[in-house]
Amino acid sequence: MAHLSLSSSLIFRIYALLLLINVSLAKTLQRDVKALNEVKGKVGWRVMFTWVGDDPCGDGFLPPWSGVTCSTVGNYRVVVKLEVYAMSIAGTFPTAVTRLLDLTVLDLHNNKLTGPIPPQIGRLKHLKSLNLRWNKLQHVLPPEIGGLKSLTSLYLSFNNFKGEIPRELANLKELEYLHLQDNHFTGRIPAELGKLQKLRHLDAGSNHLVGNIRDLISIEGCFPALRNLFLNNNYFTGGIPNKLANLTNLEILYLSYNNMTETIPSALANLPRLIYLHLDHNLFSGGIPDPFYKHPNLKNMYVEGNAFKTDVKAIGVHKVLQLSDTDFLV
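The sequence shown begins at 1 in the UniProt record's numbering and counts up by one.
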């Protein structure tokens, strides 16, 4: 019995050694080597101290480049993550990264990138997280983003994007987090986004969007998983429809600084998980239905800057709600 155990242990060690040798002998796919060296040549000294050597996955003597994660597939290594952020990298979006076809994470946030997102972004079919927030990117979003079918997180906030939000985003069936705030988007939010069954967080605040909530939730059974809806600091009009109460997972509803009118429907108080309700600085009138004041979970309700009756009272201790997109990064 002991002899059998010893043989099993020896076989396991030999297997592990062979596996280690196989990994060490694996070469980085030339496609990825060329792509990242092209990026290295473009961004220059910003990464030269951490991107040493010619092989981004390391060559046995030199370690992998900082922010580069590789994985072995067969006899080759491929780049699966590129996370180069807060390095003040300037210039246009490095199109060469779209040739890293095995990428699952692309994180270039908090740099100084300018220009558009190239349509070639649609090549990255395995991408799960795309984080470009806090740059200076411009122009309209390419519809090719809608081809990133594996995407779960899309962070485009704090840039200079303009034009309409593309309807093609509704093709991202795995999407959970969509951050579009603090840009220059115009037009209406496509109602087709309501088809995203896994979407938990939608932030389109601080843009130039128009329309009303009735249009946004017009699709039957829309936004079944939505927890946070930020539409603040836009140009939305009309009232709050009773149908909004069908979004039973909603915890944060942020409608501040719009041009919304009518009275507040009591049906909205039926949202069981509602914690933050921001109605301030609109054109709402009438009173606040009593069920809101008896809601078991509602911690803050902002009402100032409207045409409410004089006896309407806020709920909670009012400090400015400081929720940035980093609060929802998981």
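In this text, a Cβ means the ideal position worked out from N, Cα and C, and glycines have one as well.
Computed from a predicted model, the values in this text were never measured in an experiment.
For Q138, the enclosing beta strand (DSSP E) stretches over residues K136 to H139. Here Y293 carries a helix assignment [DSSP, helix/strand/coil]. Non-local beta-carbon contacts of H208 in its own chain, meaning distances under 8 Å to residues more than five positions away in sequence, involve H184, F185, T186, N234 and Y235 in chain order. The Cβ atoms of G147 and P166 do not sit closer than 8 Å to each other.
In the same chain as L127, and ignoring 5 residues on each side of it, the C-beta atoms closer than 8 Å to its own belong to L103, T104, V105, L106, L148, S150 and L151, in chain order.
The UniProt domain "Disease resistance R13L4/SHOC-2-like LRR" (96–204) is shown to contain whole beta strand (DSSP E) runs of 3 or more residues at 105–107, 112–115, 129–131, 136–139, 153–155, 160–164, 177–179, 184–187 and 201–203, in chain order. Take K162, set aside five residues on each side of it, and the residues of its chain with a beta-carbon closer than 8 Å to its own are Q138, H139, V140, N183, H184, F185 and T186, in chain order. A distance of 8 Å or more separates the beta carbons of I264 and K299.
Taking the C-beta atoms as reference points, N75 is found nearer than 8 Å to A26.
Beta-carbon to beta-carbon, L178 and K198 are separated by about 11 Å, too far to satisfy the 8 Å threshold.
For I315, the beta-bridge partners assigned by DSSP are M301.
Per the coordinates, the alpha-carbon of F158 lies some 8 Å from the alpha-carbon of L180. Going by DSSP, V68 is part of the beta strand (DSSP E) stretching over V68 to V73.
When only Cα atoms are considered, R273 and D203 end up about 18 Å apart.
For L277, the enclosing beta strand (DSSP E) covers residues Y276 to H278.
Its Cα nearest to that of T72, the residue T28 stands out among G91, M48 and T28. In the three-state reduction of the DSSP assignment, K81 falls in the strand class, which pools E and B.
Judged by beta-carbon spacing, V79 lies within the 8 Å limit of L100, meaning their Cβ atoms are closer than that value.
With respect to M260, N282 sits close: the two C-beta atoms are nearer than 8 Å.
The continuous beta strand (DSSP E) containing N228 extends over residues N228 to F230.
With at least 16 other beta carbons inside 10 angstroms of its own, N135 counts as buried. Under the DSSP assignment, I252 falls in the beta strand (DSSP E) whose first and last residues are I252 to Y254.
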